[in-house]
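Below is one structure, written out as structure tokens, with a few remarks after it.
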Amino acid sequence: MDDKDKNKERRFEERKNLGRGLEAIFLDLTTQPVPQQGKPNVVAVELPLGQIKPNPDQPRKFFDAERMEELKQSLAKEGVLQPLLVRRMQTGSGDGAIEYQIIAGERRWRAAESLGIEKIPAIILECDNQTALQLGLIENLQREELSPLEEAQAIHSLVTDFDRTQEDVAKMLSKSRSYIANALRILKLPEAVKDMLQKKEITVGHARAILEAFDPEAMAKKIIGEKLSVREVEQEMREKAQKPWGDPLPRSSRISNPDIETIEEVFSKYFHTSVKVALRGEGGIIQVFFKNYNKLEEIMGLF
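Following the working numbering, the numbering of the sequence shown begins with 175 at its first residue and continues without gaps.
What follows is the structure, given as structure tokens:
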């Protein structure tokens, strides 16, 4: 067998293996409840690129220019080895024309379009809007090509929009329950910090380290300005956490009183944070402590 035949055989095996990977995705998905349609009907074809359109609701919002260039070089050399996942749509023109909406594989579609490739392998699924979104989310998560923020948003969508538990999502993606919980935590960050993370101005390690900061945005700007490592940020956060709250209330007002201690305990349980009560004549002061803006918003949400 000459080198040309060997290359053909290798590419055929790659296509078969990729097909098995896609089949595994569908088998995994169809073990879960799917809205209305049940198990999606699957058809493999080659489609003209002009008939394929991106999905405006797909989880990937950011396309890294360097990785896109690497993908283009790969497609130019090897061709499109892995099919897109698409679904058939009416164009809305009234003439019965058909186009296809991408469920997964928009990067491949964009790269192929920029190279002038006319046709691309695709797997057509007959499914409704909810099923298409669910398939796209899971396929993107399983391929592990989303940014940390996109990954968190996709997991959040599976949990909230499709009534999945974090345990369900962990099993789908072969991840630990703690991995899913940690991924979701970065969604608590202010939008400005999320934007820095998406632009890769800070890393996901930085983002997790400043979750409990009093002002995460200010801390993120400090990370960028001073080029702090994750370890340096974690150390600074530990040092701040170890600083005592102090007692701003006058010592004379901190009367030891079993009733006051009971009231403090009741308030602390309600607010899930430390609460101090001091008497001043017929009145007094109630102090509710919070360590960051997230906790303050949580407390405000109780009113």
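Positions of the beta carbon are idealized from the N, C-alpha and C atoms, including for glycine.
Predicted model, so just to flag it, every value in this text is computed and none were measured.
Supposed close pair residue i, residue j - CB separation, criterion 8 angstroms
i      : j      : result
Asp231 : Leu307 : 6 angstroms
Val407 : Ile397 : 6 angstroms
Leu470 : Phe445 : In fact, because the Cβ distance is near 11 angstroms, the residues do not count as touching under 8 angstroms.
Leu259 : Gly279 : 6 angstroms
Met370 : Ile384 : With a Cβ gap of about 10 angstroms, Met370 and Ile384 do not count as contacting.
Ile460 : Val449 : 7 angstroms
His380 : Leu361 : Actually they do not touch by this definition, with Cβ atoms about 15 angstroms apart.
Arg282 : Phe237 : Actually they are not in contact, since the Cβ atoms of Arg282 and Phe237 sit about 11 angstroms apart, beyond 8 angstroms.
Gln340 : Val333 : 6 angstroms
Phe464 : Thr436 : So it is not a contact: roughly 22 angstroms between Cβ atoms.
Arg284 : Tyr274 : Between Tyr274 and Arg284 the Cβ distance is about 15 angstroms, and since that is not below 8 angstroms, they are no contact.
Lys293 : Leu223 : 7 angstroms
Buried or exposed by the 16-neighbour rule on C-beta atoms within 10 Å, applied to residue i
i      : result
Lys368 : buried
Ile277 : buried
Pro141 : A question about residue 141 goes unanswered here, because the residues of the chain that appear run from 175 up to 477.
Met346 : buried
Ala366 : exposed
Trp295 : The sequence shown places Pro at residue 295, rather than the Trp named in the question. By the 10 Å Cβ count, Pro295 comes out buried.
Asn229 : buried
Val451 : buried
Pro390 : buried
Val254 : buried
Arg405 : exposed
Val343 : buried
Ala357 : buried
Glu313 : buried
Ile297 : buried
Leu245 : buried
Ala415 : exposed
Gly310 : buried
Thr205 : Note that Thr205 scores a pLDDT of 37, beneath 50, so its modelled location is shaky; the value from the coordinates is reported in the next line. Exposed: under 16 other Cβ atoms inside 10 Å.
Met474 : exposed
Gln338 : Checking the sequence, you will find Arg at residue 338 rather than Gln. Classification for Arg338: buried.
Gln387 : Looking at the sequence provided, one finds Ala at residue 387 rather than Gln. By the 10 Å Cβ count, Ala387 comes out buried.
Glu325 : buried
Tyr272 : The question names Tyr, yet the displayed sequence has Ile at residue 272. Ile272 comes out exposed.
According to DSSP, residues forming a beta bridge with residue i
i      : result
Met411 : Met411 pairs with nothing; no bridge assigned.
Met263 : Glu273
Gln461 : Lys450
Pro222 : Lys293
Ala239 : Answer is none; Ala239 lacks a bridge partner.
Ala250 : Ala250 is not bridged to any residue.
Lys227 : Gln275
Leu258 : Ala296
Any chain B beta carbon closer than 8 angstroms to residue i
i      : result
Arg412 : Absent from the structure is chain B; it holds one protein chain and no more.
**Q.** Length at least 4, wholly inside the region 366 to 396: the alpha helix (DSSP H) runs in chain order
**A.** 378 to 383
**Q.** Completely contained alpha helix (DSSP H) runs for the region 286 to 352, where each covers 4 or more residues
**A.** 303 to 317, 322 to 335, 340 to 347
Q: Count the C-beta pairs between the region 400 to 414 and the region 346 to 357 that are closer than 8 angstroms, then say yes if the count reaches three, no if not.
A: no
Q.
Quick check: the region 243 to 251 against the region 281 to 297, are at least 3 beta-carbon pairs closer than 8 angstroms?
A. yes
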